[in-house]
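Notes follow once the structure below has been shown.
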Amino acid sequence: MTTRFIFVTGGVVSSLGKGLAAAALGSLLQIQGYKVRLRKLDPYLNVDPGTMSPTQHGEVYVTDDGAETDLDLGHYERFTGVSTRQTDNITTGRIYSNVIAKERHGDYLGATVQVIPHITDEIKEFILADITDEDFCICEIGGTVGDIESLPFLEAIRQVGNELGKERSLFIHLTLLPYIKTAGELKTKPTQHSVKELLSVGIQPDILLCRVDRPLPEGERQKIALFCNTKHERVIAALDVDTIYAVPINYHDQGFDVQVLKYFNLPVNKQPDLSRWRNIVATQREPEGEVTIAVVGKYTSLLDSYKSLNEALSHGGIANNVRVRLKWMDSEIFESEDAINQLEDVNGILVPGGFGERGTEGKICAAKFARERGIPFFGICFGMQLAVIEAARHLGGIPEASSSEFGPSKHAVIGLMTEWMKGNQVEVRRKDGDLGGTMRLGAYACDIAKGSLVHKIYGTDKIKERHRHRYEVNITYRKQFEKAGLVFSGMSPDGNLPEIVERKDHPWFVGVQFHPELKSRPFEPHPLFKSFIEAAIKQSRLV
Ligand code: GLN
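Each residue of the sequence shown is one higher than the one before, starting from 1003 at the first, in my numbering.
The following block contains the structure:
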């Protein structure tokens, strides 16, 4: 195995975009002809982010094989097209629970179990596991250098670097050069301190990636190189950009990919073909039109909680050569009568995934408004469930229709499934079971009905999409659903679980139990998002 490991750490402040940096580097290395893999090491204590509030930690990204992971894995997939796996995201919580399980099992044969070597060995095992013929494995370390909880991770990557040697390991440190107005200068001191911090745990960064809001003067570059003990051409300016898809182009212009390959003494193409990124950026900067989509959700205070959705909608726009203007609306506002008029001028309404009863009546009102006014409607996961409840209540003759997620109900048209099929295996869920990791997770097959709208959109009879939910549409209400005009155009292969619902009496009304946004990529916009935006364009011509 000659996989080379690139470690990306962050310093000075958080939110500098380490995930994007890793993803964009991955894409550049691919364009240079190499095979890449990306993974994330998260120092927090949760076993996975599945139980964290999206308004605190952002979206939970789900992989095909059913892992609930950090949203940076979404960036990795969108930039490189490589599907991530269970083995691509680890947390301190997972590491400790593995080590403690081994200790209870007696695997350490009487040894005193310690952070070094037991925790660090477990981290190292994760870094090196499940690698096949990749040329590069890029490992992003969450958090900021100097955090107490990242120490075991830094120690582990230091050891891996030492064991593999310089030929097979590279340390990249992402920092910030703040511009101080009164001095009229970009300041290098925080970067120097951050590198010192890294040095104190035995890591000398090889390449410094410096976030700047203006070009980096040569003098400052030399200064950083001198104080941080690296070559000046390995101090790379990471300039702010107007769209994230311009990042790979910018990095290449600054010589980032070339420096990484030179470091490893690998062949370099000085003029790689970046046209795929250039085309996307050009469409984003100068689209031919614009549509407005209202996203009616509960976590609108932190846009990272709908990260993939945001991206998938913009991919739908790129595919149709339009800008997608998003109106993020807190669903609770629609619980007062006249607020619904705020949806008058939008070209499409999307109700995304969510949990819990708060704000659901507002989402139901939004679904009703879209249905009655013929406005394109896209319900995702919770959004689909609520559209079903809306139809059952107002057209299906079940005014009390509800979901068992909101407490016991006489008519739970959305209910808890305790058993379902994954391939040939039965998955079982207990009503009083743990909340963490117990949802229907990951990719499941779905059969699509011929002649339906989604059949036309997907152009195939069988799809596989990623799920993350606990409740399901209760198909025993089939008669009432039919009366309400709902058509189940996508079903699980065993015919028990409705996966897609649509309406024949509406120009574009689709609800899906899965999360299509997770699989949309800028080069391969998801067909549902492409079609939804197309329907919104048609709608905009009507008003
Ligand atoms: N709360 C719903 C469920 O658990 C929907 C989840 C979601 O939208 N991801 O089934």
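All C-beta atoms, glycine included, are put in the ideal place defined by N, C-alpha and C.
This structure is a prediction, so every number in the text was calculated from the model and none was measured.
| said: My output table needs one value for A1321: the three-state DSSP class, helix, strand or coil. | reply: Within the sequence shown, numbered from 1, the residue matching residue 1321 stands at position 319. Here DSSP, grouped into helix, strand and coil, assigns A1321 to helix.
| query | Closer than 7 Å: is that where the CB of H1471 sits relative to any heavy atom of the ligand GLN? | reply | Residue numbering aside, residue 1471 sits at position 469 when the sequence shown is read from its first letter. Flag set: Cβ of H1471 near the ligand GLN.
| When the Cβ atoms of the region 1358–1369 are set against those of the region 1327–1340, are three or more pairs found closer than 8 Å? | A contact exists between the region 1358–1369 and the region 1327–1340.
| said: Please tell me whether, using a cut-off of 7 Å, the distance from the CB of G1355 to the nearest non-hydrogen atom of the ligand GLN is below it. | reply: Translated into positions along the sequence shown, residue 1355 becomes position 353. Yes, since a heavy atom of the ligand GLN falls inside the 7 Å radius drawn around the Cβ of G1355.
| task | Express the C-alpha separation of N1349 and A1296 in angstroms, rounding to a whole number. | result | Position 294 of the sequence shown, counting from 1, holds the residue named residue 1296. Position 347 of the sequence shown, counting from 1, holds the residue named residue 1349. Straight-line Cα distance between these residues: approximately 8 Å.
| Status (buried if at least 16 other CB within 10 Å, exposed otherwise) for D1044 | Numbered from 1 along the sequence shown, position 42 holds the residue referred to as residue 1044. Looking at its Cβ environment, which holds 16 or more other Cβ atoms inside 10 Å, D1044 is buried.
| task | Would you please state the rounded distance, in angstroms, between the beta carbons of V1014 and T1193? I believe it to be under 8 Å. | result | Here residue 1014 is taken as the residue at index 12 of the sequence shown, counted from 1. Here residue 1193 is taken as the residue at index 191 of the sequence shown, counted from 1. About 7 Å separates the CB atoms of V1014 and T1193; that is less than 8 Å, so the two are in contact.
| said: Helix, strand or coil for K1466? Go by DSSP, reduced to three states. | reply: One-based indexing of the sequence shown puts residue 1466 at position 464. Correct three-state label for K1466: strand.
| said: Let's test the definition: count the other Cβ atoms within 10 Å of the Cβ of E1547 and tell me whether it reaches 16, buried, or not, exposed. | reply: This structure cannot speak to residue 1547, because the chain is shown only from 1003 to 1545.
| task | Kindly indicate the opening and closing residues of the beta strand (DSSP E) around V1298. | result | As a working note, residue 1298 is residue 296 in the sequence shown. Looking at the DSSP string, the run of the beta strand (DSSP E) that includes V1298 is 1291–1299.
| Quick one: what's got a C-beta closer than 8 Å to I1133's C-beta in the same chain, skipping five residues either side? | Position 131 of the sequence shown, counted from the start, is the residue given in the question as residue 1133. These residues qualify, in order along the chain: M1003, T1005, R1039, C1139.
| said: the ligand GLN and C1383: does the residue's C-beta get closer than 7 Å to at least one heavy atom of that ligand? | reply: Counted from its first residue, the sequence shown places residue 1383 at position 381. Yes; taking the cut-off as 7 Å, the Cβ of C1383 has a heavy atom of the ligand GLN nearer than that.
| task | Could you please give the first and the last residue of the uninterrupted alpha helix (DSSP H) stretch that includes D1259? | result | For this step, residue 1259 is matched to residue 257 along the sequence shown. 1258–1265 is the span of the alpha helix (DSSP H), which, as asked, contains D1259.
| field | Whole-angstrom distance between I1416 and T1478, CA atom to CA atom | value | Taking the sequence shown and counting its residues from 1, the one referred to as residue 1478 is at position 476. Taking the sequence shown and counting its residues from 1, the one referred to as residue 1416 is at position 414. Those two C-alpha atoms are separated by around 10 Å.
| In terms of residue numbering, what span does the beta strand (DSSP E) encompassing Y1446 cover? | Within the sequence shown, the letter at position 444 stands for residue 1446. Y1446: member of the beta strand (DSSP E) spanning 1442–1450, first to last residue.
| request: Return the first residue and the last residue of the alpha helix (DSSP H) that F1384 is part of. | output: For the purposes of this step, residue 1384 is identified with residue 382 of the sequence shown, where counting begins at 1. Its alpha helix (DSSP H) spans residues 1384–1396.
| Cβ separation of G1376 and H1508, assumed to be a contact under 8 Å, to the nearest whole Å | Along the sequence shown, one-based indexing puts residue 1376 at 374. Along the sequence shown, one-based indexing puts residue 1508 at 506. The pair is a contact, with the Cβ atoms about 6 Å apart (cut-off 8 Å).
| From I1209 to F1007, what does the alpha carbon distance come to, in whole angstroms? | On the sequence shown, residue 1209 is found 207 positions in, with the first residue counted as 1. On the sequence shown, residue 1007 is found 5 positions in, with the first residue counted as 1. When only Cα atoms are considered, I1209 and F1007 end up about 14 Å apart.
| task | Quick one: residues in its chain with C-beta nearer than 6 Å to the C-beta of R1505, no 5 flanking neighbours on either side, listed in chain order? | result | In the sequence shown, counting from the first residue as 1, residue 1505 sits at position 503. Hits under 6 Å: G1487, F1511.
| Going by beta carbon distance, what residues of the same chain come within less than 6 Å of L1156, once the five residues before and after it are set aside? | Counting from one through the sequence shown, the residue named residue 1156 turns up at place 154. Excluding residues within five positions, the ones whose Cβ falls inside 6 Å are V1203.
| What separation, rounded to the nearest whole angstrom, lies between the Cα atoms of A1393 and F1483? | Translated into the one-based positions of the sequence shown, residue 1393 becomes position 391. Translated into the one-based positions of the sequence shown, residue 1483 becomes position 481. About 7 Å.
| field | alpha helix (DSSP H) segments (min. 4 residues) lying fully within the region 1108–1158 | value | For the region 1108–1158, whole alpha helix (DSSP H) runs of length 4 or above, ordered along the chain, are 1122–1130.
| query | Whose CA, out of S1522, I1539, M1441, P1524, lies closest to the CA of T1053? | reply | Stepping through the sequence shown from its first residue, residue 1053 is reached at position 51. Looking only at S1522, I1539, M1441, P1524, the smallest Cα-Cα distance to T1053 is reached by M1441.
| task | Reducing DSSP to helix, strand and coil, say where A1403 ends up. | result | If you number the sequence shown from 1, residue 1403 lands on position 401. Assignment of A1403 by DSSP, reduced to helix, strand and coil, places it in the coil class.
| request: Decide yes or no for the touch test of the region 1320–1328 against the region 1260–1277: beta carbon pairs closer than 8 Å, at least 3 of them. | output: At 8 Å Cβ cutoff, the stretches do not touch.
| request: Identify the continuous alpha helix (DSSP H) that holds G1356 and give its terminal residues. | output: Your numbering for residue 1356 matches position 354 in the sequence shown. Taken as a continuous stretch (DSSP letters only), G1356 belongs to no alpha helix (DSSP H), as it is neither H nor E.
| request: My understanding is that Q1224 touches I1238, with C-beta atoms under 8 Å, so please give their C-beta distance in whole angstroms. | output: Within the sequence shown, the letter at position 222 stands for residue 1224. Within the sequence shown, the letter at position 236 stands for residue 1238. About 14 Å separates the two Cβ atoms, so there is no contact after all.
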